[in-house]
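Protein sequences appear in the order of chains A and B. Anchor point for the first sequence: position 43 equals 43 in the working numbering, and the numbering is continuous, going up by one each time. If you want the working numbering, it's the 1-based position in the second sequence plus 163. Yeah, the Cβ is synthetic: ideal placement off N, Cα and C, and Gly gets one too. Read through the structure below, which is laid out as structure tokens, and then see the notes.
There are 2 protein chains.
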Amino acid sequence: MPEDAVTLQGVLADRDAWSTANCPVGRSMELIGTRSAMLLMREAYYGTTRFDDFARRVGVTEAVAAARLRELTEAGLLRREPYREPGQRTRHEYRLTDMGRDLAPVVLGLYQWGVKYLAGGRPMPRLRHADCGSDVHVTVTCAEGHDVPLREVDVEPARRPSL
Amino acid sequence: MPEDAVTLQGVLADRDAWSTANCPVGRSMELIGTRSAMLLMREAYYGTTRFDDFARRVGVTEAVAAARLRELTEAGLLRREPYREPGQRTRHEYRLTDMGRDLAPVVLGLYQWGVKYLAGGRPMPRLRHADCGSDVHVTVTCAEGHDVPLREVDVEPARRPSL
């Protein structure tokens with residue numbers, strides 16, 4: 001067992017005795033595991049709400065933007081709301097839901113990792129906490145506030161609901 | 164501007180004045196933005212090191228597993244090391260590098276989000292800190308230890324290196 005792995009507890013210890021078919025990582029990637037979906041979420045975090053802005057800034061065709069925004073809306077990460085500017089027909093904009101906001105650790109985690117390993121020395125924008133000015137990080141911690149490296153993560157089998 | 168967005172500071176405030184071509188989120192997704200790549204990293208975190216185990220547990224063909232493991236190795240998330248069992252020919256196993264380990268917040272973040280939104284009420288394995296027993300979470304915090312919601316994130320333009 002490599003020193004860097006998590007520890008699979010109880011019935012999970014025998015990795016051949018259980019299936020990963022329902023793994024939440026796999027299910028999440030089925031939903032948002034495309035570059036364009038992740039970049040559309042990034043844009044939503046930047047404050048983009050309008051279809052044309054999403055398509056242009058992510059650099060995808062209108063057809064791709066429309067398909068992906070529809071998927072993200074149907075999945076519940078965005079909600080579609082009507083708006084109307086004077087003299088124009090009613091259009092729709094896309095707003096973050098709680099489900100969409102809660103993906104922030106993943107998107108900011110990709111940002112942080114990309115800055116560290118893929119920026120090739122180019123200076124990159126820094127994320128700071130508006131209230132105190134210190135650097136923002138995505139971290140794996142426990143409820144007691146300890147930093148938790150992989151080797152200190154125990155994966156505990158789900159408890160079956162009991163009657 | 165939606166209340167949930169980050170704040171783009173300085174020259175970044177005019178979103179049409181800069182390109183997202185070098186965005187670290189996009190670069191990261193180019194490298195690891197497939198379901199199979201993310202699931203292979205999950206398997207590495209579970210302690211899987213051997214080709215057959217990766218392919219079987221992720222549920223992909225050997226051709227897909229080979230291609231994806233090669234990409235992850237070339238990109239630097241895994242390293243390939245020879246091993247030999249008695250009476251067998253030399254084979255290779257795949258070990259996590261620092262770059263691979265540092266992706267943990269993203270993979271565990273997908274896990275956490277999937278448990279919350281996509282598990283459909285099924286009980287899911289719990290992640291606990293081996294040392295203190297409390298729940299493990301992926302969070303966005305600042306160096307001062309504050310939780311940082313999106314609306315409190317300032318994105319500051321990169322400083323150009325000066326002579």
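- Query: Do S157 of chain B and V269 of chain B have their C-beta atoms within less than 9 angstroms of each other?
  - Reply: Residue 157 of chain B falls outside the range modelled here, since chain B spans only 164 to 326, and no answer is possible.
- Task: Find the residues of chain B that neighbour P125 of chain A, judging by a C-beta separation of less than 7 angstroms, and give them in chain order.
- Result: L175, V318, E319, P320, A321
- Query: So what does DSSP say about V311 of chain B, is it helix, strand or coil?
  - Reply: coil
- Give me the Cβ distance between Q112 of chain A and V138 of chain A, rounded to the nearest whole Å; I'm assuming they're in contact under 8 angstroms. 5 angstroms
- Item | Neighbourhood of H255 of chain B by C-beta distance below 6 angstroms, restricted to the same chain and skipping five residues each side | R243, P245
- Message: Beta carbons nearer than 9 angstroms to chain B: which residues of the stretch 138–150 of chain A have them?
- Response: V138, T139, V140, T141, C142, A143, E144, G145, H146, V148, P149, L150
- Message: If contacts are defined as beta-carbon pairs under 8 angstroms, then Y208 of chain B and L232 of chain B qualify, I think. What distance do you get, rounded to the angstrom?
- Response: Wrong, their Cβ atoms sit about 15 angstroms apart, outside the cutoff.
- Cβ pair count under 8 angstroms reaching 3, the stretch 39–56 of chain A against the stretch 295–310 of chain B: no
- Message: With a threshold of 8 angstroms on Cβ separation, who are the neighbours of L110 of chain A within its own chain once the five nearest residues in sequence on each side are excluded?
- Response: M38
- With DSSP run on the structure shown, which of helix, strand or coil describes L127 of chain A? strand
- Item | Check whether G114 of chain A and P187 of chain B have beta carbons under 9 angstroms apart | Less than 9 angstroms divides the Cβ of G114 of chain A from the Cβ of P187 of chain B.
- Those residues which DSSP pairs with P245 of chain B across a bridge: B:H255, per the DSSP bridge assignment.
- Message: Quick check on V60 of chain A: does DSSP put it in helix, strand or coil?
- Response: Looking at V60 of chain A - three-state DSSP - the assignment turns out to be coil, as it is neither helix nor strand.
- Message: Considering just the uninterrupted stretch of the alpha helix (DSSP H) at V25 of chain A, what are its terminal residues?
- Response: 24–32
- Kindly indicate which three-state DSSP category T304 of chain B falls into: helix, strand or coil? strand
- Item | Residue of A:T20, A:P157, A:L118, A:D14 minimising C-alpha distance to V223 of chain B | A:T20
- Task: Pull up the CB-CB distance for A75 of chain A and L103 of chain A, whole angstroms please, since I reckon it's below 8 angstroms.
- Result: 11 angstroms between Cβ atoms; not a contact.
- Between the Cα of S134 of chain A and those of B:A180, B:Q251, B:S297, B:E307, spot the shortest distance and give me the residue it belongs to. B:E307
- Item | Given W181 of chain B as reference, the closest of A:A17, A:R57, A:W18 once Cα atoms are compared | A:R57
- Alpha carbon to alpha carbon, what distance is there between D310 of chain B and L281 of chain B? 24 angstroms
- Item | Buried versus exposed call for E43 of chain A [16 or more other C-beta atoms within 10 Å across all chains shown] | buried
- Which residues DSSP lists as bridging E156 of chain A, in chain order: B:R289
- Task: Go through its chain and collect everything with a Cβ distance to C142 of chain A's Cβ below 7 angstroms, but skip five positions before and after it.
- Result: V148
- Report the three-state DSSP secondary structure of V169 of chain B (helix, strand or coil). coil
- Item | Assigned exposure category for R128 of chain A - 16 Cβ within 10 Å defines buried | Here R128 of chain A is buried, its C-beta having at least 16 other C-beta atoms within 10 Å.
- Message: Measuring only the C-alpha atoms, how far is R264 of chain B from D98 of chain A?
- Response: 28 angstroms
- Inspect the beta-carbon positions of P288 of chain B and L175 of chain B and report whether they are closer than 9 angstroms. It is not a contact, given that the beta carbons lie outside the stated cut-off.
- Message: Quick check on the burial criterion: 16 or more other C-beta atoms within 10 angstroms. Buried or exposed for G26 of chain A?
- Response: buried
- Task: Closer than 7 angstroms, Cβ to Cβ, to anything on chain A: give me those residues from the stretch 263–274 of chain B, in chain order.
- Result: Per Cβ criterion, the list reads R264, D265, L266, A267, P268, V269, V270, L271, G272, L273, Y274.
- For D52 of chain A, three-class secondary structure by DSSP: helix
- Task: Flag L96 of chain A as yes if its beta-carbon sits less than 9 angstroms from any beta-carbon of chain B, otherwise no.
- Result: yes
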